[in-house]
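Reading through the structure tokens given below for one structure.
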Amino acid sequence: MSKKILILPGDYIGTEIMAEAVKVLELLKAEGEQIEWSFGHLGGAAYDAEGHPYPPSTQKAAREADAILMGAVGGPKYDSLPRAVRPEQGILGIRKDLGLFANLRPALAYEELAAASSFKPEVIAGLDLLILRELTGDIYFGQPRGRRQNAEGAEEGYDTMHYSRPEVERIAHVAFQAAQKRNKRLCSVDKENVLETSRLWREVVIEVGKQYPDVALSHMYVDNAAMQLVKNPKQFDVIVTGNIFGDILSDEASMLAGSIGMLPSASLDVNNKGLYEPIHGSAPDIAGQGKANPLATILSVGMMFRYTFNRADLADRIDVAVKRVLREGKRTGDIAQPGEKIIGTQEMGDAVVAALKK
Ligand code: IPM
Ligand code: MG
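Note that the working numbering numbers the sequence shown so that position 298 is 302, with each residue one more than the last.
See the structure below:
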């Protein structure tokens with residue numbers, strides 16, 4: 005049976021980068037892969053079309069799909085909307101609705117782009133790090149939250165951080181299993197010296213770890229992890245952490261790779277159904293100009309074949325094709341060095357398709 009992919013291009017550069025990812029899907033389908041896809045709205049585009057960032061039509065299609073490919077959402081056009089209908093609520097809504105609790109954010113330093121990074125080459129050369137971020141719990145979704153008057157009569161805003169044992173257990177299992185397939189080192193990041201939530205987190209990770217004696221488990225406070233990531237990122241293999249810490253650390257780690265335009269991500273449910281998206285945002289400043297780097301979106305297609313469709317062969321092929329175009333010197337503006345020739349979004353997509361055919 006044909007695999008159903010729902011494509012949610014989103015806002016601003018989302019549509020441009022997604023068009024290039026579709027070229028890759030078209031090639032694979034032409035080669036005989038049993039895949040089909042349809043389009044839907046998420047984020048600002050969904051608000052414009054249907055009045056909600058995660059409208060019922062998208063919800064239905066997302067639940068029926070085998071995998072979801074997303075561009076990027078948000079931007080200035082939507083900044084003044086009430087919070088409940090802002091584009092971010094589209095992403096948070098689909099994550100929660102589909103139970104996409106395991107967010108995989110690899111940070112890979114491409115040799116060819118070493119000069120584009122703000123780090124010294126020796127600090128990042130060969131870096132291959134995976135951040136595993138819990139995605140449906142923590143202070144992002146904790147209740148109660150809101151505004152109130154405190155005892156002194158002052159207005160205050162408040163949120164609630166919490167994790168339950170089962171929530172920590174399931175992300176811990178994903179993390180240990182990911183580490184088993186890599187270099188067998190897992191660093192769990194928390195704030196155990198201060199937070200109750202982190203105390204439970206650490207206890208549960210240690211317990212789950214007993215089932216994975218082949219994985220070396222370590223623990224680090226999040227503030228130290230933020231420092232170690234820029235000081236000596238190669239000490240890490242897999243990092244597992246909660247939602248808010250993972251949000252922050254994964255943006256930090258993306259800089260190690262040279263450009264945020266290079267990093268794909270996967271958000272998986274318990275059955276490895278997934279939503280795949282580039283880590284970068286909707287880049288309103290360059291939207292509509294054909295300048296955006298489509299590689300993170302194309303690499304996200306690769307992750308989709310690896311994790312949801314169990315086709316490591318196709319995922320490897322896409323990864324190799326991307327490396328090849330980089331080696332050929334193809335550069336969009338975000339990864340170009342002064343003096344290097346800059347190509348556009350479509351040319352980059354075409355170059356990957358050409359490389360895939362070789
Ligand atoms: C991310 C983003 C989202 C998050 C925003 C857009 C809600 O920053 O995917 O990292 O905070 O999770
Ligand atoms: Mg973020």
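Built from N, CA and C at the ideal position, the CB exists for glycine as well. All figures in this text were calculated on a predicted structure; none of them were measured in a lab.
8 Å contact criterion, which Tyr16 and Ala76 should meet: CB distance rounded
About 7 Å separates the two Cβ atoms, so the contact holds.
Pull up the distance between the alpha-carbon of Gly333 and that of Gly348, whole angstroms please.
The straight-line gap from Cα to Cα measures roughly 13 Å.
To the nearest angstrom, report how far apart Tyr144 and Gly343 are at their CA atoms.
Looking at the two C-alpha atoms, the distance is approximately 43 Å.
Would you mind giving the Cβ-Cβ distance between Leu131 and Leu272, rounded to the nearest angstrom? I have them listed as a contact below 8 Å.
About 23 Å; that fails the 8 Å criterion.
Nearest-angstrom Cα separation, counted from Lys295 out to Ala287
One Cα belongs to Ala287, the other to Lys295, and the distance between them is close to 10 Å.
Rounded to the nearest angstrom, how far is the Cβ of Ala111 from that of Leu299, given a contact under 8 Å?
Contact doesn't hold; Cβ gap of about 14 Å is too wide.
Applying the 10 Å Cβ sphere with the 16-neighbour rule, what's the burial state of Pro125?
By the neighbour-count rule (16 or more Cβ atoms within 10 Å), Pro125 is not buried but exposed.
Just reading off the beta strand (DSSP E) that Met224 is part of, what are its end residues?
Taken as a continuous stretch (DSSP letters only), the beta strand (DSSP E) holding Met224 covers 220-225.
To which residues of the same chain is Ile346 closer than 7 Å at the C-beta, ignoring the five residues directly before and after it?
Closer than 7 Å at Cβ, skipping near neighbours: Arg335, Thr336, Gly337, Ala340.
What I want to know is whether the C-beta of Gly78 ends up closer than 7 Å to one or more non-hydrogen atoms of ligand 1.
It does: the Cβ of Gly78 is within 7 Å (strictly closer) of some heavy atom of ligand 1.
Using 8 Å as the threshold, is the C-beta distance between Tyr82 and Tyr58 below it?
Contact: no.
When a residue counts only if its C-beta is closer than 6 Å to some heavy atom of ligand 1, which residues count, in chain order?
Chain-ordered list of matching residues: Glu92, Ile95, Leu96, Asp251.
Mapping DSSP to helix, strand and coil, what is Leu112?
Of the three classes helix, strand and coil, the one that applies to Leu112 here is strand, per DSSP.
At a cut-off of 7 Å, would you count Asp15 as near ligand 2, judging by its Cβ distance to the nearest heavy atom?
Not so, every heavy atom of ligand 2 lies at least 7 Å from the Cβ.
Of the residues Ile322, Asp320, Gly278, which one's Cα is nearest the Cα of Lys100?
Selected option, being the one with the closest Cα: Gly278.
How should Thr164 be labelled, buried or exposed, when 16 other C-beta atoms within 10 angstroms of its C-beta is the threshold for buried?
Answer is exposed; the Cβ neighbour count stays below 16.
Distance, Ala155 Cα to Tyr280 Cα:
Here the C-alpha atom of Tyr280 lies approximately 45 Å from the C-alpha atom of Ala155.
Is the beta carbon of Leu85 closer than 8 Å to that of Val242?
In this structure, Val242 keeps its C-beta atom at 8 Å or more from the C-beta atom of Leu85.
Buried or exposed: Asp218, going by 16 or more other Cβ atoms within 10 Å of its Cβ?
Here Asp218 is exposed. Its C-beta has fewer than 16 other C-beta atoms within 10 Å.
Name the one or two DSSP bridge partners that Ser2 has.
Lying before the first or after the last residue shown, residue 2 is absent from the chain, which here runs from 5 to 362.
Whole-angstrom distance between Asp251 and Glu35, CA atom to CA atom:
One C-alpha to the other measures close to 37 Å.
List, from N- to C-terminal side, the alpha helix (DSSP H) runs of 4 residues or more that fit wholly inside the stretch 17-46.
Runs found: 17-34.
Are Leu199 and Ala230 touching if we call contact CB-CB under 8 Å?
Cβ atoms of Leu199 and Ala230: not closer than 8 Å.
Are the CB atoms of Ser258 and Ile290 within a distance shorter than 8 Å?
The answer is no: Cβ separation not under 8 Å.
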